[in-house]
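Student:
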Amino acid sequence: MHNIGFRQFIQALVMFLVHAGFALGVLLSSIWLCLALWIQLPGGKWTSIILISLWALFALSILGIYVSQHVFSRQKDRVIYLLVFALSLLWYFNIPAKQDRDWDPEVSRIFNYQKQGSLVTINNVRNFAWKSDGRYDERWESRKYDLDQLTGVNVITSYWMGPQIAHTLVSFDFANQRPLVFSIEIRKERQESFSAIGGFFRQFELSLIAADEEDIVYTRSNIRHEQVYFFPVKMPKAAMQALFIEYLKKSDELAATPKWYNTVTSNCTTIIFDMAQAIEESLLPKDYRLLVSGYLPNYLYDIGVLDQRWDMAQWYQHAHINPRTADLNLQQDQTGLQYSKRIRQGLLQPQALENSAIKP
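Using my numbering, the first residue of the sequence shown is number 154, and each one after it goes up by one.
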């Protein structure tokens, strides 16, 4: 008798967990679908419809938790819901990324290049002249770089919403000319602004910008007043060259096939990691700080690519460029070269290495 009672209890518990799990799935999937519709459908007349639908589906999903044993106990009901949700996934994952939208001028052009041996000519290098009110004069330039003259690589992190989230840029130093920065960003349309939620739901295409430090770093430190940190990293010269070439390849990929930005899986930090892995598969160990991008400098320190003569507290103190650039508009020399010199003041500058500095 006791065994029968125990078996019945287990069977009832299993059925409860199955029904509750399915109801929870309905709740979460309905919320996901509502957010996807909210991002993807146009505004105006749709706004009220989407808001009503969002609330209705959310309320029905909550109700489903309590009545799931009755509503979803029949196989037919579960199949119908799963079929409808599968169709919504089919719609969502077939939304195409595009190249021909009305882009914001900051991301309106895709850079292209010509390479002959170690010499690379890059067209559409962005070098906007930024004004204090956030306006700018557009300047797109062609520049030539000799990869044999590469002398350093720097990781730049820019914080605007707390210590966990940062935008990551990579700057390449050359012996004979000004540095070049690559930045993987959202490709905004005119009047569009960044949305972390939109970044989960295919609101933005990916953009890869090649720019002057006076443009793409200066606008963050001196115009938008984000907190910007500059970290020279230890890297063999061959790896520097390979990383630079990976950026060129990534530009080819995006020009041929536009791709979606994703806040977690395809962003400014994860794509850099993927490119570094393409150079050497075991180069960088996987770590949660590749997703929580604000802690990327700590990750770089732990794997040994930041100079160990400073601890991380000292690195953050010295790497913070805002105090060094705050009075730049009061100086006689306000050239891009002067800005690049200022953001490097007082930093440990590693030499190009013959062997990888990364710890096993």
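Idealized CB from N, CA, C, for every residue including glycine.
When burial is assigned at 16 or more other CB atoms within 10 Å of the CB, is R280 buried or exposed?
Tutor: Numbered from its first residue, the sequence shown carries residue 280 at position 127. Residue identity check: residue 280 is Asn in the sequence provided, not Arg. Under this definition N280 is a buried residue.
Student: Which of the three DSSP states is assigned to K402 in this structure?
Tutor: The residue given as residue 402 occupies position 249 in the sequence shown. If DSSP states are grouped into helix, strand and coil, K402 belongs with the helices.
Student: K268 to T274, Cα distance in whole Å?
Tutor: For the purposes of this step, residue 268 is identified with residue 115 of the sequence shown, where counting begins at 1. For the purposes of this step, residue 274 is identified with residue 121 of the sequence shown, where counting begins at 1. Rounded to whole angstroms, K268 to T274 spans 6 Å at the Cα level.
Student: Pick from A409, Y400 and D301: whose alpha carbon is nearest that of D427?
Tutor: To locate residue 427, count along the sequence shown from 1; it is residue 274. D427 has its Cα closest to that of Y400, out of A409, Y400 and D301.
Student: Whole angstroms is fine: what's the gap from R340's alpha carbon to A363's?
Tutor: Position 187 of the sequence shown, counted from the first residue, corresponds to residue 340. Position 210 of the sequence shown, counted from the first residue, corresponds to residue 363. So the two alpha carbons sit approximately 14 Å from each other.
Student: For K104, I'd like the list of residues in its chain whose CB is within less than 6 Å of its CB, leaving aside the five on either flank, ordered along the chain.
Tutor: No answer is possible for residue 104: the residues shown for the chain start at 154 and end at 513.
Student: In whole angstroms, what separates the C-alpha of W185 from that of I233?
Tutor: Position 32 of the sequence shown, counted from the first residue, corresponds to residue 185. Position 80 of the sequence shown, counted from the first residue, corresponds to residue 233. Approximately 18 Å between the Cα atoms of the pair.
Student: If I measure Cβ to Cβ from F327 and keep anything under 8 Å in the same chain, skipping five residues before and after, which residues do I get?
Tutor: The count along the sequence shown starts at 1 and reaches residue 327 at position 174. Excluding positions up to five away in sequence, the list reads Y298, D299, Q302, L303, T304 and L333.
Student: Hey, is the stretch 388-397 in contact with the stretch 437-453, meaning 3+ C-beta pairs nearer than 8 Å?
Tutor: no
Student: Using beta-carbon positions only, say whether F384 and L453 come within less than 8 Å of one another.
Tutor: Along the sequence shown, one-based indexing puts residue 384 at 231. Along the sequence shown, one-based indexing puts residue 453 at 300. Result yes, Cβ atoms of F384 and L453 sit closer than 8 Å.
Student: What does a CB cutoff of less than 6 Å around D440 pick up in its chain, not counting 5 residues either side in sequence?
Tutor: For the purposes of this step, residue 440 is taken as the residue at position 287 of the sequence shown. The residues are Y452.
Student: When you compare the stretch 364-378 with the stretch 393-408, are there three or more beta-carbon pairs, one atom per stretch, that lie closer than 8 Å?
Tutor: They do not touch, by the three-pair rule.
Student: In angstroms, rounded to a whole number, what distance separates the CA positions of W293 and R262?
Tutor: As a first step, residue 293 is located in the sequence shown; it is residue number 140 there, counting from the start. As a first step, residue 262 is located in the sequence shown; it is residue number 109 there, counting from the start. Near 9 Å, if we compare the C-alpha coordinates of R262 and W293.
Student: Quick check: E366 and Y492, are their CB atoms within less than 8 Å of each other?
Tutor: Working through the sequence shown from its first residue, we reach residue 366 at position 213. Working through the sequence shown from its first residue, we reach residue 492 at position 339. Yes; because the gap between Cβ atoms is below 8 Å, this pair is in contact.
Student: Check the DSSP bridge columns for E338 and list the partner residues they point to.
Tutor: Residue 338 sits at position 185 when you count from the first residue of the sequence shown. DSSP output for E338 lists S360 as bridge partner(s).
Student: Run through DSSP, which three-state label would V260 get?
Tutor: Taking the first residue of the sequence shown as position 1, residue 260 is located at position 107. Here V260 sits in helix by DSSP.
Student: If you draw a straight line from the alpha carbon of L181 to that of F169, how long is it in whole angstroms?
Tutor: For the purposes of this step, residue 181 is taken as residue 28 along the sequence shown, with counting starting at 1. For the purposes of this step, residue 169 is taken as residue 16 along the sequence shown, with counting starting at 1. If I take the Cα positions, the gap works out to 18 Å.
Student: Please classify K297: does DSSP put it in a helix, a strand, or coil?
Tutor: For the purposes of this step, residue 297 is taken as the residue at position 144 of the sequence shown. In the structure shown, K297 sits in a strand (DSSP, three-state: E or B).
Student: If you compare alpha carbons, which of F238, Q161, I192 and R497 is closest to F175?
Tutor: Position 22 of the sequence shown, counting from 1, holds the residue named residue 175. Across the set F238, Q161, I192 and R497, the C-alpha of F238 shows the shortest separation from the C-alpha of F175.
Student: Over the uninterrupted alpha helix (DSSP H) stretch that includes Y312, give me the two end residues.
Tutor: Walking along the sequence shown from the start, residue 312 turns up at place 159. Run containing Y312: none in the alpha helix (DSSP H); it sits in the beta strand (DSSP E), L303 to Y312.
Student: So which of S271, W468, I192 and R331 has the shortest CA-CA distance to T310?
Tutor: Position 157 of the sequence shown, counted from the first residue, corresponds to residue 310. When only C-alpha atoms are compared, the closest one is W468.
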